[in-house]
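Numbers in the numbering used here are just positions in the sequence shown, counted from 1, shifted up by 83.
All C-beta atoms, glycine included, are put in the ideal place defined by N, C-alpha and C.
Note that the structure is predicted; figures quoted are calculated from it, not measured.
Input: a single structure, listed below in structure tokens.
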Amino acid sequence: MDIVYNTSSDLALTGFDLSPESVAPVFLFATLSYMIILFSNLILILTIVLNKSLHQPMHLILVNLPINDIIGSSAVFPQLIKEILTNSRTMNYSACVAQAFFAHIYAAGAVLILTAMAYDRYIAICLPLKYNTVMTNAHVMRVITAVWMFNVVIIGVLFILLLRLTRCRSVITNLYCDNPSLLALVCANTTVNNIYGLFISALTQVMVNGMFLYTYLQILVACYTSKRPETKSKALQTCATHLIVFLLMDCLGLFTIISYRIQNISPHLRRLIAISAFIFPPTVNPIIYGLKTKEIREKIVSIFRHKIPLF
């Protein structure tokens, strides 16, 4: 039997199943979440960029995290809000591919940036006398460039492999577009795509988790052998913050990948896990790094105290 290929430019999204009574609360929740994410992350970016005293290696790497969070949330939330508000369930295929591309850039970028931050903390705590020599501005820029280049290359290849295939379906069953959802529209052999997807997932998990395990073991050893209690306390507090954010993002990403591999999992649970990765980390990150990092917290308080009039 010949396959009838669907070349329509529009896709149908069936991820939403809202009752008329739930439309308004869901719309308000999605809009408020997006506004909070944009506001808090932009405040963190502007605080670091506009204060020269914060132009240190740790903060220069950190500023990439809110940038990445804005990319991820902006890839997903505007389309979700539009669908809820207009009750539209269609999306252009090109827009769907673009959304999926930036969603994956966000997911991979988050763990890669956190890994770069772990590397910075490792040098600062385990090799403090060499920190200024190693973590120069030029070296920090090379680390940041390598993170973004690696991210764009591996995700770019993923979508090049996808776009070579012809679609024969036009229904997306997820809340937003991603690579597994787009692959489900293809009737051709997707073995190469699946192998490459699993390969880059395994590669990043091994690299990232290996790097975190090594650096944090070294940091713990350095902290417990330190004779200065204040140094130990500050180091452990900083590392605990990074570790919480990393585990949150890594677990959500891992659960999302696993949910697509389990056929009998509830689609509602899969959608909940998938959308959680775009809500919780971008909301929690600015709070953790803005409030728990003393230097940044003081600058943010100063901005609001002097720039925003109180009525």
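Beta-carbon separation (whole angstroms), residue i vs residue j, contact threshold 8 Å
{"i": "proline 369", "j": "asparagine 151", "result": "Not confirmed; about 12 Å, so no contact."}
{"i": "alanine 193", "j": "proline 364", "result": "6 Å"}
{"i": "leucine 241", "j": "arginine 172", "result": "At roughly 26 Å, the Cβ-Cβ gap does not stay under 8 Å, so leucine 241 and arginine 172 are not in contact."}
{"i": "aspartate 261", "j": "asparagine 175", "result": "Between asparagine 175 and aspartate 261 the Cβ distance is about 16 Å, and since that is not below 8 Å, they are no contact."}
{"i": "isoleucine 144", "j": "valine 226", "result": "7 Å"}
{"i": "methionine 290", "j": "tyrosine 202", "result": "Contact flag wrong, Cβ pair sits at about 12 Å."}
{"i": "leucine 246", "j": "threonine 273", "result": "Not a contact, Cβ separation roughly 13 Å."}
Helix, strand or coil at residue i [DSSP, three-state]
{"i": "asparagine 175", "result": "strand"}
{"i": "valine 405", "result": "Outside the shown range of the chain (84 to 394) lies residue 405, about which nothing can therefore be said."}
{"i": "leucine 129", "result": "helix"}
{"i": "leucine 210", "result": "coil"}
{"i": "alanine 267", "result": "coil"}
{"i": "leucine 248", "result": "coil"}
{"i": "phenylalanine 329", "result": "helix"}
{"i": "leucine 96", "result": "strand"}
{"i": "tyrosine 189", "result": "helix"}
{"i": "aspartate 152", "result": "helix"}
Reference residue i, options the options, closest by Cα
{"i": "alanine 304", "options": "Thr97, Ala229, Leu210", "result": "Looking at the sequence provided, one finds valine at residue 304 rather than alanine. Selected option, being the one with the closest Cα: Leu210."}
{"i": "proline 140", "options": "Arg204, Val230, Val254, Thr366", "result": "Arg204"}
{"i": "isoleucine 383", "options": "Ser136, Thr228, Thr273, Met232", "result": "Ser136"}
{"i": "threonine 352", "options": "Tyr117, Ile238, Tyr214, Thr256", "result": "One detail in the question is off: residue 352 reads as leucine in this sequence, not threonine. Checked all of Tyr117, Ile238, Tyr214, Thr256; the closest Cα to leucine 352 is Thr256."}
{"i": "tryptophan 231", "options": "Met218, Arg252, Ser253, Ile196", "result": "Ile196"}
{"i": "methionine 332", "options": "Ser349, Pro350, Ile356, Ile167", "result": "Ile356"}
Within 7 Å, strictly: CB atoms of residue i and residue j
{"i": "alanine 158", "j": "phenylalanine 185", "result": "yes"}
{"i": "isoleucine 371", "j": "threonine 324", "result": "yes"}
{"i": "isoleucine 120", "j": "proline 149", "result": "no"}
{"i": "isoleucine 131", "j": "valine 146", "result": "yes"}
{"i": "serine 116", "j": "isoleucine 362", "result": "yes"}
Assigned exposure category for residue i - 16 Cβ within 10 Å defines buried
{"i": "isoleucine 379", "result": "buried"}
{"i": "threonine 376", "result": "buried"}
{"i": "alanine 190", "result": "buried"}
{"i": "isoleucine 238", "result": "buried"}
Distance cut-off 6 Å: residue i Cβ against heavy atoms of the ligand ADP
{"i": "valine 269", "result": "As far as ligands go, the structure on display features none, and thus does not contain the ligand ADP."}
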